[in-house]
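So that you can map any letter, position 190 of the sequence shown is 194 in this note's numbering, and since no number is skipped, the others follow by simple counting.
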Amino acid sequence: MMIVLASLMLFLGTSSSADAQVSAGSADPEITAALNDVSAEKIRANIEKLVSFGTRSTLSAQDQQSIAAGLGIGAAREWIKAEFERYSKDCGSCLEVKEDSFLQPPADRIPSQTQITSVYAVLKGTDPESSKRVVLVTGHYDSRNSDNLDIKGDAPGANDDGSGTAVSLECARVLSRHKFPGTIIFLTVAGEEQGLNGSTHFAEMAKQQGWNIEAVLNNDIVGGNKDPQQDTSVVRVFSEGVPVAANDQQLRTIRMLGGESDSPSRELARYIAEIGRTYDAGVTPMLVFRLDRYLRGGDHYAFNQQGFAAVRFTEFRENFTRQHQNVRTENGIEYGDLPKFVDFNYLSHVARLNAATLASLAAGPAPPANVRLVTRNLENDSTLTWEAPPGERPAGYEVLWRPTTSGEWEHLEKVGNANRATLKMSKDNVIFAVRAVDGRGHASLPVLPTPER
Ligand SMILES: [Zn+2]
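Below, the structure is given as structure tokens:
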């Protein structure tokens, strides 16, 4: 052990590590091929179909007659289910299509008891141990117009959130043609506009059943509406800072040692930025270190509340004459969330970025376990220790670090298949993390060390 350690320190002392920004491993040709299958045309067709249901208000009709007529949220739900089942048929029943359905009692924006149903497809991982790890993409298929209690009037919701629903569907279509050791869930929820009801129920179920969800990608308003001020080269990625689910001891550590900007959700956001550098999705993630936009919320927060890492994707510039509006023209301004305002090419790029993130995490190793930063003595070197995750051993590990004032990981040191590394720099001056890598260039999410005394 001492010999290994000595050679490792020598290695650290001689290798250069001054990358300006870290990338998430190297591009996997199979993932690149999957990204090339993402189709703007298919996404357009799916959004037009969703709009054809008239309204997808959570409070709208879901009786058999309305479903048969193709009107209301019930019809939308049945169509999404059929679509997932069609993809599954094409991949030899590789997807398990499921519902999370419950009766929501009356609440603030729910006048009477309402059935709320989330529809999801599970692409189960091929490795018995790794398949317990779940990455998830979600969008809300419910919609609303100017009046959140209007159950009959048109609420096309092409962008909000037909776009996010289309991302979940398209990721399911292209990724179901491939096999991954880890499990991917493609989720579409209802009740978002009524108060995140569908995702709250789903996240609570996942927590109660002990699901190991590593990442939640929530896409809400990612259609890149075609305004002159729109920037189609970027998509915003919102992530919480101090975790809403942090306990008192975790909050104390954050107060004492920093960590306001190192929640699991923020590490996920940084990982997405790295994926944006590893794969050419056509759009660059623009990290916003904030839970969500002012006055707004979204389904990722329901997952954050249960302690899961979850981020929100939203286009660069929203157009508020489109969202939550009755379709009409007033003083020459067109209101309403119609497909003609959606940029399907941009949306296909956002879908690619999501697919690349899901595939990289599901293909890659589990994060290292019990990552610790040794703080027993006052010293200027920094020693990190960790253990292999359950299941297949990763090919190796990498230590990441950045100055405490920096937004993204700036430096990376490959430390091989060790379980400990000593770096010739003071832990007081930087933030460290450790991640696992496999033999094909996939990296796990990084794990911040817990101080060990
Ligand atoms: Zn929305």
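Cβ coordinates follow ideal geometry from the N, Cα and C atoms, glycine included.
Quiz prompt | N-terminal and C-terminal residue of the beta strand (DSSP E) that T361 is part of | solution = Following the DSSP letters along the chain, one finds T361 in no beta strand (DSSP E) but inside the alpha helix (DSSP H) bounded by residues F348 to A367.
Quiz item: When you compare only the Cα positions, how much space is there between H446 and R439?
Solution: H446 and R439: Cα-Cα distance of roughly 10 Å.
Exercise. Check the DSSP bridge columns for M290 and list the partner residues they point to.
Key: Answer is R240, bridged to M290.
Quiz item: On the three-pair Cβ rule with 8 Å, is the region 290 to 301 touching the region 233 to 253?
Solution: With the rule of 3 Cβ pairs closer than 8 Å, the region 290 to 301 counts as touching the region 233 to 253.
Quiz item: Could you give the uninterrupted runs of the beta strand (DSSP E) lying entirely in the region 149 to 209, keeping only those of 3 residues or more?
Solution: Unbroken beta strand (DSSP E) runs of no fewer than 3 residues, entirely contained in the region 149 to 209, are found at 187 to 193, following chain order.
Quiz item: Can you tell me where the beta strand (DSSP E) with Q108 in it begins and where it stops?
Solution: Run containing Q108: L99 to Q108, per the beta strand (DSSP E) assignment.
Quiz item: Which residues bound the beta strand (DSSP E) around A373?
Solution: It spans A373 to V378 - the beta strand (DSSP E) in which A373 sits, taken as one unbroken run.
Quiz prompt | Residue(s) in a DSSP beta bridge with T325 | solution = Under DSSP, T325 shares a beta bridge with no residue.
Quiz item: Under a three-way DSSP split, which group does G58 fall into?
Solution: Coil at G58, not helix or strand.
Quiz item: Rounded to a whole number of angstroms, what is the C-alpha to C-alpha distance between R181 and E391?
Solution: Here the C-alpha atom of R181 lies approximately 33 Å from the C-alpha atom of E391.
Quiz item: Taking Cβ to Cβ, would you say I35 is nearer than 7 Å to A363?
Solution: Contact: yes.
Quiz item: Taking the alpha carbon of G455 as the point to measure from, which residue in E414, G400, G166 and N374 has its own alpha carbon closest?
Solution: Note that residue 455 is Pro in the sequence shown here, rather than Gly. The shortest C-alpha separation from P455 is found at N374.
Quiz item: Cβ-heavy atom distance between D165 and ligand 1 below 6 Å?
Solution: Checking the Cβ of D165 against ligand 1 gives yes.
Practice problem: Pull up the DSSP beta-bridge partners for H144, would you. | Solution: In the DSSP output, where bridge partners are listed per residue, H144 has V193.
Practice problem: Tell me whether the beta-carbon of G199 lies closer than 7 Å to the beta-carbon of R137. | Solution: A distance of 7 Å or more separates the beta carbons of G199 and R137.
Exercise. Compare the Cα-Cα distances from P453 to each of N423, G443, R444 and D94 and report the closest residue.
Key: Of the candidates N423, G443, R444 and D94, N423 places its Cα closest to the Cα of P453.
Practice problem: To the nearest angstrom, report how far apart E254 and V139 are at their CA atoms. | Solution: As written in the sequence, residue 254 is Gln, which differs from the Glu given in the question. Each residue's Cα considered, the two are about 24 Å apart.
Quiz item: Quick one: does the C-beta of D385 sit closer than 6 Å to a heavy atom of ligand 1?
Solution: In this structure, D385 has its beta carbon at no less than 6 Å from each heavy atom of ligand 1.
Quiz item: If you check the beta carbons only, do E402 and K418 fall under 7 Å apart?
Solution: In contact: E402 and K418 (Cβ atoms closer than 7 Å).
Quiz item: Can we say the region 297 to 314 touches the region 113 to 130, given the rule of at least three CB pairs closer than 8 Å?
Solution: Short answer: they don't touch.
Exercise. Could you spell out where the beta strand (DSSP E) holding H415 opens and where it closes?
Key: Segment H415 to G420, the beta strand (DSSP E) holding H415.
Exercise. For T389, write down the residues that DSSP places opposite it in a beta bridge.
Key: Answer by DSSP bridge pairing, in chain order: R376 and R424.
Exercise. Please state if the CB of V171 and the CB of N251 are separated by a distance shorter than 7 Å.
Key: For the 7 Å CB-CB criterion, N251 and V171 do not form a contact.
Quiz item: Rounded to a whole number of angstroms, what is the C-alpha to C-alpha distance between P160 and V378?
Solution: If I take the Cα positions, the gap works out to 55 Å.
Quiz item: Going by other Cβ atoms of all chains shown within 10 Å of its Cβ, with 16 needed for buried, is N40 buried or exposed?
Solution: Looking at its Cβ environment, which holds fewer than 16 other Cβ atoms inside 10 Å, N40 is exposed.
Quiz item: When DSSP labels each residue in this structure, what does L449 get in the three-state scheme?
Solution: Note: L449 maps to coil in three-state DSSP.
Quiz item: Run through DSSP, which three-state label would W215 get?
Solution: Shown here, W215 sits in coil according to DSSP, grouped into three states, outside any helix or strand.
Exercise. Provide the residue span of the beta strand (DSSP E) that contains G78, from first to last.
Key: Per DSSP, G78 belongs to no beta strand (DSSP E); it is in the alpha helix (DSSP H), I77 to D94.
Quiz item: Do L416 and L404 have their C-beta atoms closer together than 7 Å?
Solution: Result yes, Cβ atoms of L416 and L404 sit closer than 7 Å.
Exercise. Examine ligand 1 and report whether any of its heavy atoms sits within less than 6 Å of the Cβ of D224.
Key: Yes, since a heavy atom of ligand 1 falls inside the 6 Å radius drawn around the Cβ of D224.
Quiz item: In terms of residue numbering, what span does the beta strand (DSSP E) encompassing I435 cover?
Solution: For I435, the enclosing beta strand (DSSP E) has its first and last residue at V434 to V441.
Quiz item: Straight-line CA distance for E338 to L173?
Solution: Their backbone Cα atoms lie some 29 Å apart in a straight line.
Quiz item: Under 7 Å, do A210 and G202 count as touching if we go by C-beta distance?
Solution: Contact: no.
Quiz item: Can we say the region 141 to 151 touches the region 90 to 100, given the rule of at least three CB pairs closer than 8 Å?
Solution: Output reads no: the region 90 to 100 does not touch the region 141 to 151.
Self-check item: Under the three-state DSSP convention, the category L299 falls into
Solution: In the structure shown, L299 sits in coil (DSSP, three-state: anything other than H, G, I, E or B).
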